[in-house]
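These notes are about the structure you will find just below.
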Amino acid sequence: MKKLFRLLAILTLGSIYLPVVFSNLPSPFHTPTFYLALWVMSISIFYPKLLFVKSILLVYLFVIIYFLSLEMFWGNRVDGVGNSINMLWVVKQISWPLLAILMSTYFLTVTDYYGLGLVIISSLLFIAITSITTNLGFIIYPNATRMLAAGAGDEFTRIFLKMGIGGYGFFTGIAFLSPVLGYYLKLNNLSTKMKASLICYLALIIYTIAKAQLTTALITSVLFLLTSIFVKTNKFQGFVFISLITLGIVFIFRSLIGDFLIFIGDNVFPESLIDQKLTDIAMTFTRDNSFTYNVSDTSDRLRRSLMSFQSFLKNPLIGGGNVSGHAFWLDQLGQFGLLGIIPWVLIFKDQIRIYQKHLSSNYMSFYLLSILAIIVFGLFKGGLGSAQVMVSVFFLVPGIYFLEFNS
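Quick note on numbering: the sequence shown equals residues 1 to 407 in my numbering.
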C-alpha cells in the first residue's frame, strides 16, 4: 500500500512541476486536478479517518465560512482580475492547499518518512528538469513565462507548457524553497560533494528565475537564501528576533536599499524588464509619501497594494470588496476582511503546530523562514493561489526535512 501511495504522490508532483512530460499526456492525465481527485478517492477508500483529522476539517471550515459569507456579504463581488467570486472560485482557492495537506497528512500518519523523502527527491528532480527545459525554451521564446503570467492565450499556453517552460506559479513556488535548502548547506555532516551539488542546484533555480524576469520571486529567493545561510536561527525566539531586526534595518536603510536596487538594475540587467521592476521596487523604499495611494499612479507597487488595505479599513470585518489585484494577502484582507483571512491563519497555524512535532528545532526555524517568505511576498505580489505555490508551501517546504531519512 505504501508503494502505491508513493507512486501516486510522485505522479501528482510530476503533474505540477514537470510540464514537459505531463502536458504532453492525454486528458485527464495531464492535469493536477485529476490527481487531486485520485487522492481524495484513495484516502476515502483506504484511510477514511484521515478525512476527519483537524487539518482537513480546517479546510472544510474554510469552505463553510466562505459559502455562508457569499450568501450574506460577498455575493456580487469580483476579485482583482475581474473573476466573479462564487463557490467555484472558493473551491479553486482551497483545492491546492487541500491536496498538499492531504498528502502530507497521509505520509505523517503512516510514518512513511522514507517514502516521503523519495517523493521530495523526485519533486526536486522535476524542478531541476523544468528549469533546464525552461532555459532551452527561452532560446525561442525569451518572454514565455511573462506571457504565461499575462495570459498568453490557449494556443501559446499549450505550446509553452509542452516545451516544458515553467509558468509564474512554478517560479514563485520554488522561490520559497531557498531557506530550507539553505538549511542543508549549513549541515556539518553533509559531504562536500553534496554541498557542491546543492549549490549548483540553487544556482540553476536562481538563474532560471532571473531569466524568467520575475523580479519579486528572484529577490525573495536570494534574500531568504542569504538569511538562512548567514543568520543563526536555531530557536524560534531567535527567529522572531532576527525577523524584527531585519525589518528595522530595512526601514532605517530604505533609501540605501532603494539606491542599491537601482544600481543593480542599471548595471546587471540594463534596459530589461528586471531593470524596470527593480526600479519599481526601489521607489517603494525611497518615496516619503508611499502611504498615500493614487489610483492613477501605477509606478509604485506599495501604492497599488495599499489600495487593498484601504478597502479593508472601510469594513474590517467583511472587507470593502475593492482590491488592486497586486498583493495576495492584502487583497484577501481588503476583499473579505478578517472573516476571510481567519481561515488562512488557522490553516497556517495548524500546519506549524503539526510540524513542530515532526521537524527538528533547527529545521523548524528554516521552515518558519519559508513561511515568512510567502507572507512577505504576498504583501507585494499576487498569484499565490496556484498548485505550484500551495504545494511548495504546504508539502515541499516541510517535506524537504525528510530527505535526511534517505541519506
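Just so you know, even glycine gets a beta-carbon here, dropped at the ideal spot from N, CA and C. Here the structure is a predicted model, which is why all the values come from computation and not from measurement.
Given residue i, which residues of its chain have a CB within under 7 Å of its CB, disregarding the five upstream and five downstream residues?
| i | result |
| --- | --- |
| Leu-11 | Tyr-35 |
| Phe-402 | Tyr-113, Leu-116, Gly-117 and Ile-120 |
| Tyr-183 | Ser-228, Tyr-363 and Phe-366 |
| Thr-31 | Ser-15 |
| Leu-190 | Tyr-184 |
| Asn-315 | Gly-337 |
| Thr-216 | Phe-377, Phe-380 and Lys-381 |
| Leu-330 | Ser-305, Ser-308, Phe-309 and Leu-379 |
| Asn-24 | Lys-162 |
| Lys-211 | Asn-135 and Phe-138 |
Between which residues of its own chain and residue i is the CB-CB distance below 6 Å, once the five residues before and five after are set aside?
| i | result |
| --- | --- |
| Ala-373 | Phe-176, Thr-220 and Phe-224 |
| Pro-398 | Tyr-355 and Tyr-367 |
| Ser-392 | Gly-173 and Phe-176 |
| Ala-387 | Ile-16, Pro-32 and Trp-96 |
| Leu-136 | none |
| Phe-62 | Ile-94 and Pro-343 |
| Ser-361 | none |
| Thr-292 | Any reading at Thr-292 must be qualified, since the residue scores a pLDDT of 40, below 50, and its modelled position is unreliable; the value itself is stated next. Taken in chain order, the list of residues that qualify is empty. |
| Asn-143 | none |
| Lys-193 | none |
| Leu-98 | Val-59 |
Check whether the Cβ atoms of residue i and residue j lie closer than 9 Å to each other.
| i | j | result |
| --- | --- | --- |
| Leu-412 | Gly-334 | Nothing about residue 412 can be reported from this structure: the residues present for the chain run from 1 to 407 only. |
| Tyr-60 | Gln-93 | no |
| Phe-405 | Ala-100 | no |
| Leu-379 | Pro-179 | no |
| Pro-343 | Leu-51 | no |
| Ile-371 | Ile-341 | no |
| Leu-18 | Gly-164 | yes |
| Ser-44 | Leu-4 | no |
| Ile-64 | Trp-74 | no |
| Tyr-201 | Leu-181 | yes |
| Ile-205 | Ser-131 | yes |
| Met-147 | Phe-138 | no |
Where residue i and residue j are concerned, what is the direct C-alpha to C-alpha distance, given to the nearest angstrom?
| i | j | result |
| --- | --- | --- |
| Asp-297 | Thr-279 | Its pLDDT being 43, under 50, Asp-297 is placed unreliably in this model, and the value from its coordinates should be taken loosely. Taking the straight line from one Cα to the other gives about 15 Å. |
| Tyr-141 | Ile-16 | 21 Å |
| Phe-186 | Gly-115 | It is worth fixing the name first, because residue 186 is Lys in this sequence and not Phe. So the two alpha carbons sit approximately 24 Å from each other. |
| Ala-203 | Ile-209 | 10 Å |
| Gln-213 | Thr-145 | 8 Å |
| Leu-350 | Ser-55 | Note on residue identity: the sequence assigns Asp, not Leu, to residue 350. C-alpha separation (whole angstroms): 7 Å. |
| Val-53 | Tyr-47 | 11 Å |
| Phe-107 | Leu-161 | 30 Å |
| Ser-299 | Gly-265 | Per-residue confidence for Ser-299 stands at a pLDDT of 45, beneath the threshold of 50, marking its modelled position as unreliable; no derived number is given. |
| Ser-324 | Val-78 | 11 Å |
| Ser-69 | Ile-347 | 18 Å |
| Leu-306 | Leu-261 | 22 Å |
| Ala-149 | Lys-2 | 37 Å |
| Ile-127 | Phe-171 | 9 Å |
| Ala-37 | Ala-9 | 12 Å |
| Lys-195 | Gly-320 | 49 Å |
| Leu-226 | Asp-154 | 38 Å |
| Leu-125 | Val-110 | 25 Å |
| Leu-313 | Gln-332 | 13 Å |
| Pro-26 | Ile-400 | 31 Å |
| Leu-339 | Asn-188 | 45 Å |
| Ile-375 | Asn-76 | 28 Å |
| Asn-322 | Gly-169 | 24 Å |
| Phe-22 | Gly-80 | 30 Å |
| Pro-270 | Leu-359 | 43 Å |
Can you tell me the Cβ-Cβ gap for residue i and residue j, rounded? I've got them flagged as a contact below 8 Å.
| i | j | result |
| --- | --- | --- |
| Ser-308 | Ala-327 | 6 Å |
| Trp-427 | Met-87 | Lying outside 1 to 407, the shown extent of the chain, residue 427 is not represented and no answer is given. |
| Ser-123 | Leu-13 | 4 Å |
| Gly-166 | Thr-134 | 5 Å |
| Ile-159 | Val-20 | Contact flag wrong, Cβ pair sits at about 12 Å. |
So is residue i buried or exposed if we call it buried at 16+ other beta carbons inside 10 Å?
| i | result |
| --- | --- |
| Lys-357 | exposed |
| Val-91 | exposed |
| Met-390 | buried |
| Phe-263 | exposed |
| Ser-197 | exposed |
| Val-268 | exposed |
| Val-345 | exposed |
| Gly-151 | exposed |
| Phe-230 | exposed |
| Asp-288 | Reliability of the predicted coordinates at Asp-288 is poor, the pLDDT of 44 falling under 50, and no value is obtained from them. |
Suppose the cutoff is 8 Å on Cβ atoms and the five residues either side in sequence are ignored; what does the same chain contact list for residue i look like?
| i | result |
| --- | --- |
| Thr-105 | Leu-50, Val-53, Ser-55 and Ile-56 |
| Val-222 | Ser-178 and Ile-206 |
| Pro-28 | Phe-34 |
| Trp-89 | Asp-79 and Asn-83 |
| Glu-71 | none |
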